[in-house]
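Residue numbers (the working numbering): 5 to 306.
Rendered as structure tokens:
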């Protein structure tokens, strides 16, 4: 069934309420009063309800009229937003940009770029998506993210991606100061480490093979969903493992975590920014140019 409610009818109803009369609405909408009256009358007939009480000196909205006006203004706002968004897309700007960031990096490293982007006054919504390990590439490949920052080069899938190396992340094997391994004076062996649970950040990949770097096959695990959880677990002495050095510098300096030498050190991993090579939206390309050389990002790396 075709609805009787049109955007034009809602605009007329809104104008009558704002201007206080049919005549005022006619002036505001540059129409003759009879056109305003006809629009309201037709809407009432089509809905089979009275929108105005005309028994007094001036027409007043009925409860049904108040309800239609209140809900209708939501539709008017949505229509205006849709018109602006359509014009925005026609000009090459996306309505939303989703940035996936590897949990190895703090989300705060994106904030300076986002602040400068907002200062441009472009009405693009920005969404930050935190991913862990292969989940970063997975988010880009499956288009949950338009741009990814901090993706490792180990789990990169096949595909037509544009990528830019940001730097390398160094890792530290860290334990709490009251953890038994803190008292071991020689480089830790696999057997030393196996005696205690590994703190793990679960790979967020939905389809790519999950990573498990730095965990021994026979080792018990205590799993969180982000690197921040993993840091908290190790700080509490509930688990051990490798952590990104730049994320725990302050904890190492304060003694809340202790760096331990390990018989088989973990090598730094290269991190990249990446996007689909064929995507060239204006917001995407602005963030691509900014984040691939932004010290707020690269200063966390070597």
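Don't be surprised by glycine CBs; every beta carbon is placed ideally from N, CA and C. Predicted, not measured: the structure shown is a model, and the values here were computed from it.
Restricting attention to beta strand (DSSP E) runs no shorter than 3 residues, the segment 118-152 encloses them at 129-135, ordered along the chain. Comparing alpha carbon positions, the residue from 93, 279, 13 and 38 closest to residue 55 is 13.
The shortest C-alpha to C-alpha distance from residue 194 to any of 80, 296 and 265 is the one to 265. By the Cβ neighbour-count rule, residue 31 is exposed, with fewer than 16 other Cβ atoms within 10 Å of its own.
In this structure, DSSP gives residue 102 an extended state, which the three-state scheme calls strand. Using a Cβ distance threshold of 7 Å, residue 227 and residue 206 count as a contacting pair. Under DSSP, no beta-bridge partner is assigned to residue 304.
For the pair of segments examined, the segment 44-62 was found not to touch the segment 79-91: the number of CB pairs separated by less than 8 Å stays below three. Where residue 40 is concerned, the enclosing alpha helix (DSSP H) starts and stops at 37-51.
When secondary structure is reduced to three states using DSSP, residue 258 falls in the helix class. Taking the Cα of residue 244 as reference, the smallest distance to any Cα among 211, 180 and 229 is reached at 180. Residues of the same chain with a CB within less than 7 Å of the CB of residue 8, apart from the 5 flanking positions on each side, are 47, 50 and 51 in chain order. With a beta-carbon spacing of about 7 Å, residue 17 and residue 72 fall inside the 8 Å limit used to define contacts. Per DSSP, residue 26 is one residue of the alpha helix (DSSP H) stretching across 26-33.
Residue state for residue 180 is assigned as coil, using DSSP reduced to three classes. Under the three-state reduction of DSSP, residue 169 is assigned to strand. Per DSSP, the continuous beta strand (DSSP E) segment holding residue 274 begins and ends at 273-280. 70 is the residue among 176, 200 and 70 whose C-alpha sits nearest the C-alpha of residue 21. For a cut-off of 8 Å, the C-beta gap from residue 211 to residue 146 is around 7 Å, short enough to register as a contact. Within the DSSP secondary-structure output, residue 192 pairs in a beta bridge with 266. By the Cβ criterion, the segment 87-107 is in contact with the segment 118-131, since at least three pairs of Cβ atoms, one from each stretch, lie closer than 8 Å.
When rounded, the separation of the alpha-carbon atoms in residue 133 and residue 105 is 6 Å. By a beta-carbon distance limit of 8 Å, residue 154 does not contact residue 247. Their separation comes to about 15 Å. If you compare the alpha carbons of 35, 169 and 236 with that of residue 260, the shortest gap goes to 236. Inclusion of residue 272 and residue 173 in the CB contact set at 7 Å is warranted, their separation being smaller than that value.
For residue 156, the pairing in a beta bridge is given by DSSP as 275. Between the alpha carbons of residue 35 and residue 65 lies a gap of roughly 21 Å. DSSP places residue 68 inside the alpha helix (DSSP H), whose first and last residues are 67-94.
Burial of residue 238 is indicated by the presence of at least 16 other C-beta atoms within 10 angstroms of its C-beta.
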